[in-house]
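*Asks:* Order-wise, the sequence lines are chains A and B. Each residue of the first sequence is one higher than the last, beginning at 1 in this note's numbering. Each residue of the second sequence is one higher than the last, beginning at 1 in this note's numbering. Glycine residues also receive a C-beta, built at the ideal position from the N, C-alpha and C atoms.
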Amino acid sequence: MSWCEWPGAAIGLEVLERYGCRMADGFNLTLLLVGVSVSLGALLGLALAMGRLRGHPILARAIAVYTTFFRGSPLLVQLFLIYYGLGGLRLFWQDIGLWWFFREPLYCCLLAFTLNTAAYQAEVFRGAMQSLPSGQAEAARSLGMGSLATFLKVEMPQAIIIALRPLGNELIVMIKASSLAALVTMYDLMGATRLAFSRSFDLSIYLVAALVYLVLVEIVRRLWNFMEARLTRHLALR
Amino acid sequence: MEKYLTLISFGPEGWGWALLGGAWVTLSIALAALPIGLALGLAIALASRSRIYLLRAFATLYTTIFRGVPELLTLFVIYFGIQMLLQKLWADLGLPGSIEMSPFVAGMIALSLVLAAFSAEVWLGALNAIQKGQREAAAALGLTKPQAFRLVVFPQLIRVALPGLGNNWLVLLKETSLVSVITLQDTMFIASRANVVTKEPFLFFGVAALIYLAFSGLSAWGIEHLERRANRGFTRAGASR
């Protein structure tokens, strides 16, 4: 008996004992989906925010259209556009040698999730940068700091404090949204649970999955409270 | 190009009417869930400020659960859960045949429950923003507690809560796309079916995205209008526009 059958056996839930290992694999896949898409999304989001604030007006305009599209339509539509739409252009991708990417539902999910969360994170970063008083950058400039040093040493540390809470919320949103991967044949936590339910018709497996998601979200929430307390310890807010 | 226009036209070959019907279902389920979710959210916000420990504990538990569990999972549990419960009840009563749960009702319940959890946070923030003096003044004027809430607190609450509730609405609009999974024939469902039939995913999911974008855009415009109206007593002279 492997370890992942234990919880089900311990509480006497047959369906969890049977599908425990699939659920554990699904949980790992969920963590992978969220971890990769949120971190790549952060990088892309930061670039988009900077492009929108400091870039050429045409670039800023294009980025505004991008964020409006990805924030204004459901993630499910975006996922289907990429999975069925881009994934359906087999001959085109084979021609340019990218078929290995669009063939895999995993990569399609990662692409959709990354593009979506990048749009939301871009708005978070932009809001944080804009809320800094302009005197901060001016003071840095007058001390002779270059624009990169100003960004890294003066603006970024202050923006992170403002952006932290909305970024945490975005991470929680993505943990929940990753369950959509189950709709494009992925066996993430949600997909494994759906499989277990469709074979056993035991609703309690959904409640187990709900509990796992809840614990995951609660851990993130606690972690974020801790990080916020730590980052703002010099501010003595309360 | 002409082929695509035919496909989304309102003619016999086109999916125009079907898509329009789907857009209508999307809008109806969002509008059906909105009042229930907002009212339940306000009740939960009031419960979390209650003096009674059990009510506070319930409010915390409720918001933690429905904010932490994926909406898709909530939807499945409600849909299959109520279905199983109904069928068991049906069989226990010894009635012939079987009973089916309407996907619309299941979707509406699930979306309302989730909306309630998220709007409760907004209501709570707004309740906290209203100064204690307002209630005290109402009490001094001899208003009962329900009167004070209805006549003094609530009208002010709407103004403070409006931006947050507007966000809740925009999130709700997009979340309705999930009900296509339990076979409710909304925009997303029609687009998926059209894709299966015509093999034109870009066209139909693109049109679906545009429908959602149009709803979001219109809503954002409407919310801004409502906010301006709610704030009309607060603009400084000469400062408005």
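1. For Leu127 of chain B and Arg56 of chain B, what's the separation of their Cα atoms in angstroms?
2. Would you say Asp186 of chain B and Val25 of chain B are within 7 Å of each other, going by their C-beta atoms?
3. Write down the C-beta distance between Leu19 of chain B and Ile182 of chain B rounded to the nearest angstrom, noting that I regard them as a contact closer than 8 Å.
4. Whole angstroms is fine: what's the gap from Leu152 of chain A's alpha carbon to Gly45 of chain A's?
5. Taking Cβ positions, are Leu115 of chain B and Gly37 of chain B nearer each other than 7 Å?
6. So does the region 66–82 of chain B actually touch the region 206–220 of chain A, counting three or more Cβ pairs closer than 8 Å?
7. Do we get a CB-CB distance below 7 Å when we pair Ser179 of chain A with the residues of chain B?
8. Report the CB separation of Gly72 of chain A from Leu213 of chain B in whole angstroms; it is logged as a contact under 8 Å.
9. Where does Gly41 of chain B land, buried or exposed, given buried means 16+ other C-beta within 10 angstroms?
10. Could you say if the region 58–76 of chain A and the region 197–216 of chain B meet the contact criterion of at least three C-beta pairs nearer than 8 Å?
11. Under 7 Å Cβ-Cβ, which residues of chain B neighbour Met186 of chain A?
12. Which residues of chain A have a Cβ atom closer than 7 Å to the Cβ of Ser216 of chain B, listed in chain order?
13. Contact defined as beta carbons within less than 8 Å: I believe Ile44 of chain B pairs with Leu111 of chain B. What is the distance between those atoms, to the nearest angstrom?
14. Give the single residue among A:Trp93, A:Phe113 and A:Arg61 whose Cα lies nearest to the Cα of Val38 of chain A.
15. By the three-class DSSP mapping on this structure, what secondary structure does Trp123 of chain B have?
16. So, does the CB of Phe247 of chain B fall closer than 7 Å to a CB anywhere in chain A?
17. Return the first residue and the last residue of the alpha helix (DSSP H) that Lys132 of chain B is part of.
18. Given Ile65 of chain B, which residues of its chain have a CB within under 8 Å of its CB, disregarding the five upstream and five downstream residues?
19. Within the chosen definition, does the region 190–203 of chain B reach the region 7–21 of chain B through at least 3 CB pairs nearer than 8 Å?
20. Is it the case that the Cβ atoms of Ile162 of chain A and Ala128 of chain A are separated by a distance below 7 Å?
21. Go ahead and pull the three-state DSSP assignment for Val220 of chain A.
22. According to DSSP, is Val69 of chain B part of a helix, a strand, or is it coil?
23. Quick check: what's the CA-CA separation for Gly68 of chain B versus Thr6 of chain B?
24. What separation, rounded to the nearest whole angstrom, lies between the Cα atoms of Pro157 of chain A and Leu111 of chain A?
25. Considering Phe80 of chain A, what are the terminal residues of the alpha helix (DSSP H) in which it resides?
26. Comparing the C-beta of Val207 of chain B with each C-beta of chain A, is any distance below 7 Å?
27. Identify whether Arg265 of chain A lies in helix, strand or coil by the three-state DSSP scheme.
28. Thinking just about the alpha-carbon of each residue, which of A:Met227, A:Leu106 and A:Gln136 is nearest to the one in Thr30 of chain A?
29. What is the C-beta distance between Trp221 of chain B and Ala161 of chain B, in whole angstroms, given that I count them as a contact (C-beta under 8 Å)?
30. With 16 as the cutoff for other CB atoms within 10 Å, does Gly133 of chain B come out buried or exposed?
31. I need the boundaries of the alpha helix (DSSP H) containing Asp188 of chain A, first residue and last residue.
32. By the 9 Å beta-carbon criterion, what residues does the region 24–48 of chain A contribute toward chain B?
33. What separation, rounded to the nearest whole angstrom, lies between the Cα atoms of Ala230 of chain B and Ser219 of chain B?
34. To the nearest angstrom, how far is it from the Cα of Ala196 of chain A to the Cα of Gly20 of chain A?
35. Considering only residues of the same chain and omitting the five flanking positions on each side of Ala140 of chain A, which have a CB-CB separation below 7 Å?
36. Quick check: is the beta carbon of Leu213 of chain B nearer than 7 Å to any beta carbon in chain A?
*Replies:* Let me lay it out:
1. 15 Å
2. yes
3. Rounded, the Cβ-Cβ distance is 20 Å, inconsistent with contact.
4. 16 Å
5. yes
6. yes
7. yes
8. 5 Å
9. buried
10. yes
11. Going along chain B, no residue has its Cβ under 7 Å from Met186 of chain A, so there is no contact; the nearest lies around 13 Å.
12. Gly72
13. With 8 Å as the limit, Ile44 of chain B and Leu111 of chain B do not qualify as a contact, their Cβ atoms being about 16 Å apart.
14. A:Phe113
15. helix
16. Outside the shown range of chain B, which is 1 to 241, sits residue 247 of chain B, and nothing can be said about it.
17. Lys132 to Ala140
18. Ala117
19. yes
20. yes
21. helix
22. coil
23. 44 Å
24. 29 Å
25. Leu75 to Phe80
26. no
27. One cannot answer for residue 265 of chain A here, as it falls past the ends of chain A, which runs 1 to 238.
28. A:Leu106
29. Wrong, their Cβ atoms sit about 19 Å apart, outside the cutoff.
30. exposed
31. Premise fails: Asp188 of chain A is in no alpha helix (DSSP H) and is neither H nor E.
32. none
33. 16 Å
34. 9 Å
35. Thr150 and Val154
36. yes
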